[in-house]
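Converting from the sequence shown to my numbering requires adding 168 to each position, the first position being numbered 1.
Before any comments, here is the structure.
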Amino acid sequence: MTALSIVVPCFNEEACLVVLHERLSRAARATVGDDYEIVLVNDGSRDNSWATMVQLSEGDSHLLAVNLSRNHGHQLALTAGLDLCRGDTILIVDADLQDPPELLTPMLETMQREAADVVYGVRRSRAGETAFKRATAHGFYRLLSRATEVDIPLDAGDFRLMSRRALDALLAMPEQARFIRGMVAWIGFRQVPFPYDRAERHAGETKYPISKMVRFALDALTGFSSAPLKLASHAGLLLSMSSLLLIAYIAYAWVAHRSIQGWTSLMLVVVVLGAIQMFVLALMGEYIGRLYNEAKGRPLYIVQEIAGRSRPARLGYL
Ligand code: UDP
Ligand code: MG
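Printed below as a string of structure tokens:
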């Protein structure tokens, strides 16, 4: 075991790597001395990132460089690094130095002082990001927090410090579409926010074009909320209510001879069929929601600790 692992997903970041390595090493050494590792994951970069990583790893035994077979995306590259790291405490940072490595010391202090399992960075400000990025991110986190059942913190990225047991719980979630900041919120334990100012990118430009942002947002929403599936239920309920009113009116028109021939039966068929269809859709939505939940295969619960003399022989997940 190592005291500290720093995990960094990298996609086309050759211009950042040398400075990144230097600043991470300095921050790590200042907090845990020699007992640390840096895990750089090359997410199918098309520039010289991998060659740079190999070169850096030759001169530094703390460095573990991992080359993925192609671009798997930020969250999966991060997962690969988390799978491979061995630290008791794990720090996740971006490769572009937007998350200052020097915050490691105060974050570690917060973790110890608060006896927390997760200390997550909350962006107080975001330097050097476009108004569009800021506005979409702002809207995204608020929409997410309204739609989801899990309390996902506002304006928090993946920059965070985690304990080994929190990481193990995270890695016990086998789902394919991974929205890691939401998954960390899901596992529970004591999680403490750490406000910080987000720096500008050290070099290069964002590796999140709109297409990736949209996919990311969809993974987040669908992975943590069944609100879109419930749309049919709400529409069905609304339609059933309004069809009751309509049926009352149709009956009245029929009794008062105010309808033309054929209108009554036609309207009844349309309204009733529409309501039944909505109802069936809603029913299917509920089943699909449950199927989806099963398919995610998450652990049923996560035990934080156990007290008492007689220990259980086996636990589902500890
Ligand atoms: N990244 C990655 N694979 C991708 C896209 C991004 O590993 O397909 C990495 C990237 O190298 C960086 C982190 O994910 O370390 C966050 O990306 P970026 O800084 O471009 O996002 P932004 O800060 O603009 O939201
Ligand atoms: Mg960035």
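Even glycine gets a Cβ: it sits at the ideal position worked out from N, Cα and C.
Reduced DSSP secondary structure (H/G/I, E/B, other) of residue i
i, result
"S293", "strand"
"V287", "strand"
"G457", "helix"
"R366", "strand"
"A324", "strand"
"F347", "coil"
"V318", "coil"
"R477", "coil"
"R383", "helix"
"Q445", "helix"
"I378", "helix"
"S229", "coil"
"M435", "helix"
"M452", "helix"
"E373", "coil"
"D336", "helix"
"P342", "coil"
"A463", "helix"
"A353", "helix"
Residue range of the unbroken alpha helix (DSSP H) whose run includes residue i
i, result
"I470", "From DSSP, I470 is part of no alpha helix (DSSP H); its letter is neither H nor E."
"G404", "395-423"
"F300", "299-315"
"T278", "272-281"
"G249", "242-252"
"T220", "217-226"
Beta-bridge partners of residue i, as assigned by DSSP
i, result
"V209", "P177, V234"
"F392", "Answer is none; F392 lacks a bridge partner."
"Q359", "V286"
"M330", "I258, V286"
Beta carbon of residue i nearer than 8 Å to that of residue j
i, j, result
"I355", "A337", "yes"
"R458", "R366", "no"
"R333", "A283", "no"
"M279", "V287", "yes"
"P177", "D228", "no"
"A171", "D256", "yes"
"A248", "V209", "yes"
"H189", "L265", "no"
"L389", "A315", "yes"
"H230", "S173", "no"
"G350", "G307", "no"
"A123", "E181", "Residue 123 lies beyond the stretch modelled for the chain, which goes from 169 to 486, so this question has no answer here."
Heavy atom of ligand 4 within 7 Å of residue i beta-carbon
i, result
"A263", "Because ligand 4 does not appear in the structure shown, any question about it cannot be addressed here, the ligands present being ligand 1 and ligand 2."
Curious, which full-length alpha helix (DSSP H) runs of at least 4 residues does the segment 170-203 contain?
Taken in chain order, the unbroken stretches of alpha helix (DSSP H) that lie wholly in the segment 170-203 and span 4 residues or more are 182-200.
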